[in-house]
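Residue numbers (this note's numbering), protein chains in the order written: chain A, 37 to 328; chain B, 37 to 328.
Idealized CB from N, CA, C, for every residue including glycine.
Predicted model, so just to flag it, every value in this text is computed and none were measured.
Number of protein chains: 2
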Amino acid sequence: MVIEPEKISVGFIGLGVMGKSMAGHVLKAGYEVHVYTRTKKTAEELVSSGAVWEESVTALSTKSRIIITMVGYPSDVEAVYFGEDGILAHAEKGTLVVDMTTSSPDLAVKIHEKASRLGIDALDAPVSGGDLGARNATLSIMAGGEKAAFDKALPLFEIMGKNIVLQGKPGAGQHTKMANQIAIAAGMVAVCESIAYAKKAGLDPETVLKSIGAGAAASWSLNNLGARMIAGNFEPGFYVKHFIKDMKIAVESSKRLGLQTPGLDLALSLYEKLARTGHGDKGTQALFKMFE
Amino acid sequence: MVIEPEKISVGFIGLGVMGKSMAGHVLKAGYEVHVYTRTKKTAEELVSSGAVWEESVTALSTKSRIIITMVGYPSDVEAVYFGEDGILAHAEKGTLVVDMTTSSPDLAVKIHEKASRLGIDALDAPVSGGDLGARNATLSIMAGGEKAAFDKALPLFEIMGKNIVLQGKPGAGQHTKMANQIAIAAGMVAVCESIAYAKKAGLDPETVLKSIGAGAAASWSLNNLGARMIAGNFEPGFYVKHFIKDMKIAVESSKRLGLQTPGLDLALSLYEKLARTGHGDKGTQALFKMFE
Numbered sequence: 037m038v039i040e041p042e043k044i045s046v047g048f049i050g051l052g053v054m055g056k057s058m059a060g061h062v063l064k065a066g067y068e069v070h071v072y073t074r075t076k077k078t079a080e081e082l083v084s085s086g087a088v089w090e091e092s093v094t095a096l097s098t099k100s101r102i103i104i105t106m107v108g109y110p111s112d113v114e115a116v117y118f119g120e121d122g123i124l125a126h127a128e129k130g131t132l133v134v135d136m137t138t139s140s141p142d143l144a145v146k147i148h149e150k151a152s153r154l155g156i157d158a159l160d161a162p163v164s165g166g167d168l169g170a171r172n173a174t175l176s177i178m179a180g181g182e183k184a185a186f187d188k189a190l191p192l193f194e195i196m197g198k199n200i201v202l203q204g205k206p207g208a209g210q211h212t213k214m215a216n217q218i219a220i221a222a223g224m225v226a227v228c229e230s231i232a233y234a235k236k237a238g239l240d241p242e243t244v245l246k247s248i249g250a251g252a253a254a255s256w257s258l259n260n261l262g263a264r265m266i267a268g269n270f271e272p273g274f275y276v277k278h279f280i281k282d283m284k285i286a287v288e289s290s291k292r293l294g295l296q297t298p299g300l301d302l303a304l305s306l307y308e309k310l311a312r313t314g315h316g317d318k319g320t321q322a323l324f325k326m327f328e
Numbered sequence: 037m038v039i040e041p042e043k044i045s046v047g048f049i050g051l052g053v054m055g056k057s058m059a060g061h062v063l064k065a066g067y068e069v070h071v072y073t074r075t076k077k078t079a080e081e082l083v084s085s086g087a088v089w090e091e092s093v094t095a096l097s098t099k100s101r102i103i104i105t106m107v108g109y110p111s112d113v114e115a116v117y118f119g120e121d122g123i124l125a126h127a128e129k130g131t132l133v134v135d136m137t138t139s140s141p142d143l144a145v146k147i148h149e150k151a152s153r154l155g156i157d158a159l160d161a162p163v164s165g166g167d168l169g170a171r172n173a174t175l176s177i178m179a180g181g182e183k184a185a186f187d188k189a190l191p192l193f194e195i196m197g198k199n200i201v202l203q204g205k206p207g208a209g210q211h212t213k214m215a216n217q218i219a220i221a222a223g224m225v226a227v228c229e230s231i232a233y234a235k236k237a238g239l240d241p242e243t244v245l246k247s248i249g250a251g252a253a254a255s256w257s258l259n260n261l262g263a264r265m266i267a268g269n270f271e272p273g274f275y276v277k278h279f280i281k282d283m284k285i286a287v288e289s290s291k292r293l294g295l296q297t298p299g300l301d302l303a304l305s306l307y308e309k310l311a312r313t314g315h316g317d318k319g320t321q322a323l324f325k326m327f328e
């Protein structure tokens, strides 16, 4: 069977740094792409490339066979799916909805339950890899939901990412993303402490990285964000404020699972302090400022 | 100039898991190797391969042009260098002493000062890479001391390791090793929390590693020790009790430098709790037991 992507209409809700790149790739692959985002101006580039602007979530929902959401906070996800003018109130039976926002696992389960009752397929499929991963279509995509729905979304996932894994039932994608953020959280504290120690001890931190960046202390954070800390480059790859959002979801979810997370708690409290001192729009490596 | 290694007598003090492999490589390279360690039996294999057993630190010190120490705790280092029958009281002028034990940076400076007054060259050169790195001669060696002394030791370092870096003045090797251990410490907490979260959330943690082991959460600890945690394998690669020793040196050294290290402090307190419950002889990945 010849795949005719232009026959499948894909709706994108949320065109931030990530969503814009992701929608662009799908458009370039030949799909009919409908877009909606809060600030219409953001969509201009995509629309001039052939995307169809929709005036509301409702309008988009009635016209798309697959709807991808990439919004900000769980409260935004909730509004976009459960609002009176939201997706679930207006999408047709047989539609597939995919929330790629990093959001609450419980909310993902709730969306899936409601969608199921309406004959709508639902996946949670948050990503990691940041704006660079979105731009280069190298995102890691961690999905939760039924296998059939995953298979239906897979051609789109393959356009947007590289490392695509169905992690399990509804919510499993979000849970995996939480495991990802938890592994990063206290790890960032470790990286900051290590580089701050090197500087205070009078070492040349770049030379230190040559010794410690390839062995048992090696991490993506140390080699990438550590190097930015040393260079005094605090520009956002991933925003402090967004990481705080993710860690809050992780803390809440951990509590509900009965898991103690002292490292995560410590990281969150340090990042919140950092945001209070006006660095919420910096990159996560700005945590280093708390140790200098 | 033809190098005649057999003309240079190298003394090894301390033949634990690490020291034994390291001395073995030097012996195999053709050097005349003198050995001393607390338990004579440990030296048998090396002696049967051609190493010369010495009955005391004193005897070894008078017969070796280069003396390498790989002992346990800073107190052992202190005794071996500063004791009445120790290295500095008996080594000849022009000898090079190299402490490869992970030990206190201040002690390294003290050894260097005393050695200098005696006309003895001194380096601190702790390693990372563990028993496997020692066995395969792939250790990372981070050195502190004068360039001339480093150049003199380099042919031996190249026999024992791969990633060999002169980090700076005396103590800089130990400081770099501390930066390495600090980067690992809170990072291990993060890895444990992440895998414990995945399990509690009902995910398959091995599948989770497929999603998170290659992106921004990636670390040597996650991909190697995390995998052992999942498999329930707590056998020692690196002992809990030794990591505690290192972290205590790091905490003390950080305090002296005026550096706050909440992540390191947290990791140390969790590891001490783990040791108190009888797991000091397990591998560092056994920290996972505190989160299960």
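How far does the alpha helix (DSSP H) with residue i in it reach, from first residue to last?
i: L306(A); result: 298-310
i: D112(B); result: 110-118
i: A222(B); result: 208-236
i: E288(B); result: 276-293
i: T84(A); result: It is worth fixing the name first, because residue 84(A) is Ser in this sequence and not Thr. Start and end: 80-84.
i: P241(A); result: 241-248
i: S97(B); result: 93-99
i: G166(A); result: 166-171
i: M265(A); result: 263-267
i: L258(A); result: First-last for L258(A): undefined, no H or E at that position.
i: A127(A); result: Unbroken run through A127(A): none, as it is neither H nor E.
Going by beta carbon distance, what residues of the same chain come within less than 6 Å of residue i, once the five residues before and after it are set aside?
i: G316(B); result: V276, K277
i: S290(A); result: T297
i: L261(B); result: Q321
i: T78(A); result: L51
i: S140(A); result: P110, I285
i: M265(B); result: I231, Q321, F324
i: M214(A); result: A286, S289
i: K43(B); result: none
Since residue i and residue j are thought to touch, with beta carbons under 8 Å apart, how far apart are those beta carbons, to the nearest angstrom?
i: V71(A); j: E90(A); result: 7 Å
i: G181(A); j: H148(A); result: 6 Å
i: D127(A); j: S97(A); result: Strictly speaking, residue 127(A) in this sequence is Ala, with Asp absent from that position. Yes, A127(A) and S97(A) are in contact; Cβ-Cβ is about 4 Å, under 8 Å.
i: D142(A); j: G204(B); result: About 51 Å; that fails the 8 Å criterion.
i: V227(B); j: A234(B); result: About 11 Å; that fails the 8 Å criterion.
i: V134(B); j: A95(B); result: Rounded, the Cβ-Cβ distance is 19 Å, inconsistent with contact.
i: D167(A); j: V53(A); result: 5 Å
i: K183(B); j: L202(B); result: 7 Å
i: A222(B); j: L293(B); result: With 8 Å as the limit, A222(B) and L293(B) do not qualify as a contact, their Cβ atoms being about 17 Å apart.
i: K99(B); j: G60(B); result: No, K99(B) and G60(B) are not in contact; Cβ-Cβ is about 19 Å, not under 8 Å.
i: M178(A); j: S247(B); result: 4 Å
i: G249(A); j: N259(A); result: 5 Å
i: I103(A); j: T137(A); result: Contact flag wrong, Cβ pair sits at about 13 Å.
What residues in its chain sit with their C-beta under 7 Å from that of residue i, if we drop five residues either side in the sequence?
i: K309(A); result: M326
i: Q217(A); result: D282, M283, A286
i: T174(A); result: G165, G197, K198
i: E194(A); result: I200
i: S114(A); result: Ser is not the amino acid found at residue 114(A); the sequence shown has Glu there. Counting only Cβ-Cβ distances below 7 Å, and skipping sequence neighbours, we find L143.
i: A311(B); result: V276, K277, I280
i: N302(A); result: First, the residue type needs correcting, since residue 302(A) is Leu and not Asn in the sequence shown. Hits under 7 Å: A222, V225.
i: K107(B); result: Sequence check: residue 107(B) is Val here, not Lys. Same-chain partners within the cutoff: I49, G50, V113, V116, T137.
If you follow the beta strand (DSSP E) that residue i is part of, which residue opens it and which one closes it?
i: G197(B); result: 197-204
i: H70(B); result: 68-72
i: I102(B); result: 102-105
i: G47(A); result: 45-49
i: G60(A); result: Not the beta strand (DSSP E): G60(A) falls in the alpha helix (DSSP H), residues 53-64.
i: V156(B); result: A quick correction: the sequence has Ile, not Val, at residue 156(B). Looking at the DSSP string, I156(B) is not in any beta strand (DSSP E), and its letter there is neither H nor E.
i: G180(B); result: 175-180
i: D135(B); result: 132-135
Who are the near neighbours of residue i in its chain, counting only those whose CB is closer than 8 Å to its CB and skipping five residues on each side?
i: V93(B); result: I49, Y72, V116, G119, D121, G122, I123, H126
i: E229(B); result: F327
i: G207(A); result: P141, D142, A144, V145, H148, D160, G180
ask   = Using a beta-carbon distance cut-off of less than 7 Å, what residues from the segment 191-222 of chain B approach chain A?
value = N199, V201, Q203, G204, A208, H211, T212, M214, A215, N216, I218, A219, I220, A221, A222
Residues in the segment 284-298 of chain A having any Cβ partner in chain B nearer than 8 Å = A286, S289, S290, L293, G294, L295, Q296, T297, P298
Contact list for the segment 106-117 of chain A against chain B, Cβ threshold 8 Å = none
request  = Could you run through the segment 84-100 of chain A and flag, in chain order, every residue whose CB is less than 8 Å away from some CB of chain B?
outcome  = none
ask   = Using a Cβ cut-off of 7 Å, which residues of the segment 167-181 of chain A contact any Cβ in chain B, in chain order?
value = S176, M178
query = Taking Cβ-Cβ distances below 7 Å as the criterion, which residues of the segment 142-162 of chain B are in contact with chain A?
reply = none
message = Please identify, using Cβ separations under 9 Å, the residues of the segment 253-269 of chain B that lie next to chain A, in order along the chain.
response = A253, A254, S255, W256, S257, L258, N260, L261, G262
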